[in-house]
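Each number in this note's numbering corresponds to the 1-based position in the sequence shown with 7 added. Just below is one structure, and these are the notes that go with it.
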Amino acid sequence: MGRRRWPRERDCAAQGARRHCRHLAECKLVSFPIGIYKVLRNVSDQIHLITLANNELKSLTSKFMTTFSQLRELHLEGNFLHRLPTEVGSLQHLKVIDLSRNQFQDFPEQLTTLPSLETINLEENEIVADVPVEKLAAMPALRSVNLRSNPLNAEVRVIAPPLIKFDMLMSPEGARAPPP
């Protein structure tokens with residue numbers, strides 16, 4: 008099975024490199040292709056959008072975050088991610104991050120250190136508690152946090168409304184995520 012997948016992954020990686028790594032969605036990638044780093048080493052600072060949606064990623068490396076430090080948008084929806092590397096803090100220009108339909112159980116608190124971040128989408132994860140509402144409220148550019156279809160506890164629902172200055176989208180209390 009691994010042998011059959013490799014040519015497909017290589018084709019997707021080559022296709023993404025030709026388009027300056029903008030779109031590597033639905034390629035069944037289990038990791039970010041190492042060859043992309045080499046192909047894009049001279050233009051990585053010009054890449055502002057990467058889409059790795061609907062793959063099979065379980066993690067991203069610190070090298071990914073530091074290589075593409077000029078990103079404005081990062082689309083990682085529909086993977087198997089459950090955490091982000093600490094180096095996500097190097098994405099100081101990031102405005103949009105889509106982490107919906109992954110496996111986060113805790114809010115990725117590293118995102119609260121990103122001064123340009125406007126939109127965080129964590130819809131359909133497994134986040135129960137530990138949403139850093141105070142830190143989110145202090146983020147200067149934040150406009151929207153989507154936490155719909157997460158099994159948030161009642162404490163988050165009580166704390167959040169008085170503190171937020173942005174749209175915080177949550178499912179009604181007692182609502183459950185739709186079945187896969």
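Glycine included, C-beta positions come from ideal geometry on N, C-alpha and C. Keep in mind that this is a model prediction, so the values were computed, not measured.
Pairing Arg150 with Phe173 gives a Cβ-Cβ distance under 7 Å. Looking at the DSSP output, His30 sits in a beta bridge with Thr58. Rounded to whole angstroms, the separation of the alpha carbons of Val135 and Phe87 is 17 Å. Assignment of Ile41 by DSSP, reduced to helix, strand and coil, places it in the helix class.
The C-alpha of Tyr44 is placed about 31 Å away from the C-alpha of Glu133. Using a C-beta cut-off of 8 Å, the region 66 to 86 makes contact with the region 101 to 111, since at least three inter-stretch Cβ pairs fall below that distance. C-alpha of Glu63 to C-alpha of Ala161: approximately 32 Å in a straight line.
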